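Peer 1:
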Amino acid sequence: MKILYHHRTASRDGQSTHITEMILGLRSLGHQVIESAPQVGADDSGGGSPGWVGRLKALLPRQLYELAELAYSWVAYRRLSQAIRAERPDGIYERYNLYLLAGIWAKKRSGLPLILEVNAPMAVERREYGGLSWPRLADWAELYVWKRADILLPVTQVLADYMVSKGIDPARIQVIPNAINLRHYEHLPSAAQAKAKLGLQDKLVVGFTGFVREWDRLDRIMAWVAKQAPRYPVHLMVIGDGPARNEIEACAARLGVSDRLSFTGAVAREQVPALSMAFDIALQTALVPYASPLCLFEYLALGKAIVAPDQPNHHEILSADEDALLYDPVDPAGIEKALNRLCEDPALRQRIAAAAAHVIARKHLTWPEHAARVIGLFQTLR
Numbered sequence: 000m001k002i003l004y005h006h007r008t009a010s011r012d013g014q015s016t017h018i019t020e021m022i023l024g025l026r027s028l029g030h031q032v033i034e035s036a037p038q039v040g041a042d043d044s045g046g047g048s049p050g051w052v053g054r055l056k057a058l059l060p061r062q063l064y065e066l067a068e069l070a071y072s073w074v075a076y077r078r079l080s081q082a083i084r085a086e087r088p089d090g091i092y093e094r095y096n097l098y099l100l101a102g103i104w105a106k107k108r109s110g111l112p113l114i115l116e117v118n119a120p121m122a123v124e125r126r127e128y129g130g131l132s133w134p135r136l137a138d139w140a141e142l143y144v145w146k147r148a149d150i151l152l153p154v155t156q157v158l159a160d161y162m163v164s165k166g167i168d169p170a171r172i173q174v175i176p177n178a179i180n181l182r183h184y185e186h187l188p189s190a191a192q193a194k195a196k197l198g199l200q201d202k203l204v205v206g207f208t209g210f211v212r213e214w215d216r217l218d219r220i221m222a223w224v225a226k227q228a229p230r231y232p233v234h235l236m237v238i239g240d241g242p243a244r245n246e247i248e249a250c251a252a253r254l255g256v257s258d259r260l261s262f263t264g265a266v267a268r269e270q271v272p273a274l275s276m277a278f279d280i281a282l283q284t285a286l287v288p289y290a291s292p293l294c295l296f297e298y299l300a301l302g303k304a305i306v307a308p309d310q311p312n313h314h315e316i317l318s319a320d321e322d323a324l325l326y327d328p329v330d331p332a333g334i335e336k337a338l339n340r341l342c343e344d345p346a347l348r349q350r351i352a353a354a355a356a357h358v359i360a361r362k363h364l365t366w367p368e369h370a371a372r373v374i375g376l377f378q379t380l381r
């Protein structure tokens, strides 16, 4: 098949990873993929809006920026129309974004089937976290797209249930979570080798991967590290960077445990698995209830002892006390209790890690397997 992959993503973060890996997965199965997306400069460091998009967002009042997002649909529609005429694809695969109506317009004009990948209810998310100037317009735009796509692919059942509550036919919904690329997990160093390379020999490494923000509360983990320092050689290792880094480093300094904290800074995604092999415990902090965090799948592929919040989207992937320790996110000492259990019981740590290593294969959580599902759905639409 020939698939036209449409998206509005230009940042180099988890979004771009999902896009890149799905494209590679489709191509690995012998299908042709044409990408229709904005061309933005290569000055992005990850985690934010890159290039002229970021500058525009900073300069414009929020009301005008949102209207500019909506107006961009005309630009995207022209690009899609040109690609459809030139390439004659068999279908459109779109990554959902708020105010992006172009895919639906192109589907209506061309008669091509459209499958919509949905990673978040953006009207809800931006209202709660980024702010919305036109909430009614955002709600309308979200449902306009959801109700007109042929098939919707939310990343969690939690998100699927939300869609149904908004009037979407459950027969048009198929849950496809995030996944991993097995090739990135070949020929990795042992945990001991990874620790030695980082100077963390004999440390009990608690690891976190991602763009660190205030709500990750890694300052809380540093307080736990300081408390456990007399008993265990605990060390917090962060693969990534982010706006909360200075605060976390300052917290470690105040507590006198700066030597028990290390940041790699931003690194290429291809380097993350080898670095993550140094983890003894992999940390998933609090997150929105509908998310499918990429780092969780990476932790599973590495076979690490995972600590994660006890919430429904994690239940879709993890089994409590089998392949992860799930903590109560409402409990003010929940995450610390889980970390204490794994510190005090090496056998439990090893058992959880060993079970985690089998989840990817058992639940078919690889990008080529997801791509095969997408192709199957397109075939049913044809």
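Heads up: the sequence shown begins at 0 in numbering that gives the first Met the number 0, then just goes up one per residue. Positions of the beta carbon are idealized from the N, C-alpha and C atoms, including for glycine. From a predicted model like this one, the values you see are computed outputs, not experimental measurements.
Please report the residue range of the alpha helix (DSSP H) in which lysine 336 lies.
Peer 2: 333 to 343
Peer 1: Report the residue ranges of all alpha helix (DSSP H) runs contained in full by the segment 241 to 317; include only those spanning at least 4 residues, in chain order.
Peer 2: Unbroken alpha helix (DSSP H) stretches of 4 residues or longer found wholly inside the segment 241 to 317: 244 to 253, 271 to 275, 293 to 301, 311 to 314, given in chain order.
Peer 1: If you follow the alpha helix (DSSP H) that tyrosine 71 is part of, which residue opens it and which one closes it?
Peer 2: 61 to 86
Peer 1: Around the Cβ of proline 308, are there at least 16 other Cβ atoms within 10 angstroms (buried) or fewer (exposed)?
Peer 2: buried
Peer 1: Whole-angstrom Cβ separation of aspartate 330 and valine 358, contact assumed at under 8 Å?
Peer 2: Not confirmed; about 25 Å, so no contact.
Peer 1: Could you check if methionine 221 belongs to the surroundings of the ligand GDP, using beta carbon to heavy atom distance under 6 Å?
Peer 2: Summarising the ligand content, the structure contains no ligands, and the ligand GDP is consequently not present.
Peer 1: Leaving aside the five residues before and after leucine 97 along the sequence, list all residues of the same chain whose C-beta is less than 8 Å from its C-beta, in chain order.
Peer 2: Correct list, in chain order: Glu68, Met121, Ala122, Arg125, Ala137, Ala140, Glu141.
Peer 1: Could you name the residues that DSSP lists as bridge partners for alanine 319?
Peer 2: Ala323
Peer 1: With a cut-off of 8 Å on the beta carbons, I'd call leucine 260 and methionine 221 a contact; round off their distance for me.
Peer 2: Right, their Cβ atoms sit about 6 Å apart.
Peer 1: From what residue to what residue does the beta strand (DSSP E) around threonine 8 run?
Peer 2: Element bounds for threonine 8: n/a, residue is neither H nor E.
Peer 1: From serine 35 to isoleucine 22, what does the alpha carbon distance come to, in whole angstroms?
Peer 2: 12 Å
Peer 1: Grab the span of the beta strand (DSSP E) containing valine 233 for me, first residue to last.
Peer 2: 233 to 238
Peer 1: Can you find the residues in the same chain that come closer than 6 Å, C-beta to C-beta, to tyrosine 231, ignoring five residues on each side of it along the sequence?
Peer 2: The answer, listed in chain order, is Leu203, Cys342.
Peer 1: Rounded to the nearest angstrom, how far is the Cβ of proline 272 from that of glutamine 283, given a contact under 8 Å?
Peer 2: In fact, because the Cβ distance is near 16 Å, the residues do not count as touching under 8 Å.
Peer 1: Does the Cβ of asparagine 180 have 16 or more other Cβ atoms within 10 Å, making it buried, or fewer, making it exposed?
Peer 2: So asparagine 180 counts as buried.
Peer 1: Which stretch, first to last residue, makes up the alpha helix (DSSP H) that contains glycine 102?
Peer 2: 101 to 109
Peer 1: With three or more C-beta pairs closer than 8 Å as the rule, is the segment 97 to 115 touching the segment 70 to 80?
Peer 2: yes
Peer 1: Nearest by alpha-carbon distance to alanine 355: which of Gly375, Asn118, Ile305 is it?
Peer 2: Ile305
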